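See structure below.
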Amino acid sequence: MKKIAYTLVLFTFLTCEKPRPQTNFLFIVVDDLGHKDLSITGSDFYETPNIDRIAEEGTLFTQGYANASVCSPSRASLLTGVYPTVHGITDWIGAKYGTNWRTVGRKTQLLPSDYVKHLPFEMTTLPEALKTHGYKTFFAGKWHLGSVEQQSLPTDHGFDINKGGYHRGGPYSGGYFSPFNNPFLEDKAEEKGMTLSMKLAHETAHFIKDHSKEPFLAYLSFYAVHAPIQTTQEKWSKYQKKAVDQGLLEEGFAMEKRLPIRIKQDNPVYAGLLEQTDEAVGYVLNTLEALNLDDHTVVVFVSDNGGVSSGDDFATSNLPLRGGKGYQWEAGTRIPFFIKAPQISNPVKTIETPVTGADLFPTLLELAGIENPVRVDGKSLVPLLNGKAFAERSLFWHYPHYGNQGGDPSAIIRKGDWKLIHYFEDGRNELYHLGQDMGETTDVFDQNSELGTALSNELKQWLKNTAAKIPEKDPLHNEEEEKKWLSEHKQNMKLKVEQRRVHQIDAHYIPNEDWWGSTLD
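One rule links them: number in this note's numbering = place in the sequence shown (from 1) + 26.
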């Protein structure tokens, strides 16, 4: 009799115990954020305590990569788990290609390849996979994967709600201060002077509060820190003083093949914009804590490509990594890459294994306990989080275009510490050992020709297997014209960017009226 009573008590206890809440996801993407743009990744100029918190409480991947050096292809890979050669978006949507490329006036040897102009409808996205298992899905911020006319907005690809996502790749209509003039964001009178980053954070927080009782995916895709960079006078003043105190360089730019490239983090406007974005991240993280959701919400934090050290607003320096957004070198694709997964009891704090944005699709599905419904190029990172090693794998990139920032049409393979870059202009290969030369200063192909040839053959086979498009020679190309244009262009740009750098740090700097002036009555 006692045994029966004990069994009944135990059964009652087990059946009344509350089940663990289903895993939620907060996926944060910052636009154009460089690998070294955070305090926790090595910056002594920028201040990012809230973003740092994600890495401190979770796992920091020291060799996290975007799947492209520009935004649209990388963002498509985050959502689908496949390489750009598979989904077909190999350049930022809106870039010129083919014979239309000549209208840009760059006088290059090649005509960039055509590419897909919106996220393919036949591909399963992360929000679509989660929705089939009862998730409420939300998108805020930069989309740049299709337009209203193409019927390719976030809500056409698995998101229930869209706040601010449309075809534009930057905050061009209204800038970083209200009114935002975004057709998918409501401008409210009480938000006058609010930053765009905080507006997106508020919208995300509202969604989380409204759906705290059901599993959700909140995808917060900041427009920041994309050009045109803007901040408040208070933030600018703080970082202007910091730049002066740290010591100003006589010259802030070196020269790459086509454009100047920034060599020090000393831009007070960019620093202020980044801090405002960090504050917005903190607002959402604090919302999760206030609602007691942080212990079962996975937080992912990444950038869509490397920092802009050349081209656009020449905003930051990625040294000691070479290059930046739009370049074939490490700083073009190496990014901040953090995962905080509370349901993993003792996650590894720092992981050096190379990983990419395509890995996040299968990772999040595994964390949600959902079987992956499609074939992907990415690989779940859950074993790494649990302290298990990966077998060595090859990672690939393909960019058959010229980066606005100065990069060359190229394809890349990384295997272990070795990285091979194949250039489409002249067919040459460069080989670097990243373990010994993370700055890619010394091409060692000739000293390792057997290994280099093997990597080159593997890369060629991958390009063939994925039906990658290859840029074509421009029959109208004139080498002398290109050399003349390059020489004049570089000289003019070097003068302009040095003048602007000095102007932005000058104590009497006055910005355009359309940004911090917009906070005034």
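Ideal Cβ placement from N, Cα and C applies to all residues, glycine included. Since this is a predicted model, take the numbers as computed values, not measurements.
| field | residue 312 CB to nearest heavy atom of the ligand NAD below 8 Å | value | With respect to the ligand NAD, the structure offers nothing, as it holds no ligand at all.
| query | When you compare each of 262, 166, 211, 339 to residue 297 by their alpha carbons, which one comes out closest? | reply | 262
| Among the residues of its own chain, which have a CB less than 6 Å from the CB of residue 200, if the five just before and after it don't count? | 206, 207
| query | Between 131, 170, 413, 428, which lies nearest to residue 374 when the distance is taken from Cα to Cα? | reply | 413
| Can you give, in chain order, each stretch of the beta strand (DSSP E) that sits fully within the segment 258-301 and has at least 3 residues? | 279-281, 286-288
| field | Straight-line gap, residue 377 to residue 504 (C-alpha atoms, nearest Å) | value | 48 Å
| request: Determine the closest residue to residue 460 out of 448, 454, 441, with distance taken between C-alpha atoms. | output: 441
| said: By the three-class DSSP mapping on this structure, what secondary structure does residue 26 have? | reply: The shown model of the chain, from 27 to 547, leaves out residue 26, and the question about it has no answer.
| query | Which partner residues of residue 98 appear in the DSSP bridge assignment? | reply | Its beta-bridge partners do not exist; DSSP assigns none.
| Looking at the unbroken beta strand (DSSP E) that takes in residue 347, where does it start and where does it end? | Run containing residue 347: none; DSSP gives neither H nor E here.
| field | Secondary structure, beta strand (DSSP E): runs of 3+ residues fully inside the segment 142-181 | value | 162-167
| query | From residue 48 to residue 235, what distance separates their C-alpha atoms? | reply | 16 Å
| request: Please specify which runs of the alpha helix (DSSP H), each continuous and at least 4 residues long, are wholly inside the segment 406-480, giving them in chain order. | output: 408-411
| field | Inter-residue CB distance, residue 166 and residue 221 (contact presumed, cutoff 8 Å) | value | That belief does not hold up - the Cβ atoms of residue 166 and residue 221 are roughly 14 Å apart, past 8 Å.
| query | Expressed to the nearest angstrom, what Euclidean distance is found between the alpha-carbon atoms of residue 532 and residue 71? | reply | 17 Å
| query | Name the DSSP beta bridge partners of residue 52, please? | reply | 244, 325
| request: For residue 217, I'd like the list of residues in its chain whose CB is within less than 6 Å of its CB, leaving aside the five on either flank, ordered along the chain. | output: 204
| request: Please report the residue range of the beta strand (DSSP E) in which residue 86 lies. | output: 85-87
| request: With residue 516 as the anchor, note down where its alpha helix (DSSP H) starts and where it stops. | output: 505-531
| Checking contacts by CB at 9 Å: is residue 140 closer than that to chain C? | Within the model displayed, chain C is absent; a lone protein chain is all it includes.
| task | Might you give, ordered along the chain, the residues of its own chain that have their beta carbon closer than 6 Å to the beta carbon of residue 396, omitting 5 neighbours on each side? | result | 159
| said: Suppose you measure from the CA of residue 547 to the CA of residue 219; what does that come to, to the nearest Å? | reply: Low confidence applies to residue 547: its pLDDT is 31, below 50, so where it sits in the model is not reliable, and the reading given next is rough at best. Roughly 9 Å separates the two Cα atoms.
| field | Strand pairing of residue 77, partner residues [DSSP] | value | Paired residue(s): none; residue 77 is not in a bridge.
| Excluding five sequence neighbours on each side, which residues of the same chain lie with their C-beta closer than 8 Å to the C-beta of residue 69? | 62, 63, 291
| said: What does the alpha-carbon distance come out to for the pair residue 498 and residue 171? | reply: 25 Å
| Looking at C-alpha atoms only, which residue of 233, 213, 294 is the closest neighbour of residue 266? | 294
| field | Per-residue burial, residue 86 [other beta carbons within 10 Å of its own, 16 or more giving buried] | value | buried
| Cut-off 6 Å between Cβ atoms - residues of its own chain near residue 304, not counting five sequence neighbours on either side | 74, 76, 77
| Anyone know if the C-beta pair for residue 96 and residue 333 falls short of 9 Å? | no
| query | Roughly how many angstroms lie between the CA atoms of residue 153 and residue 336, to the nearest whole one? | reply | 34 Å
| field | Buried versus exposed, by CB contacts within 10 Å (16 or more), residue 525 | value | exposed
| query | Of the choices 427, 466, 467, 457, whose alpha-carbon is the least far from that of residue 480? | reply | 457
| query | Alpha carbon to alpha carbon, what distance is there between residue 115 and residue 141? | reply | 5 Å
| residue 475: buried (16+ other C-beta within 10 angstroms of its C-beta) or exposed? | exposed
| Closest to residue 25 by CA distance: which of 214, 137, 281, 247 is it? | Here the chain comprises residues numbered 27 to 547, so residue 25 is not present and cannot be evaluated.
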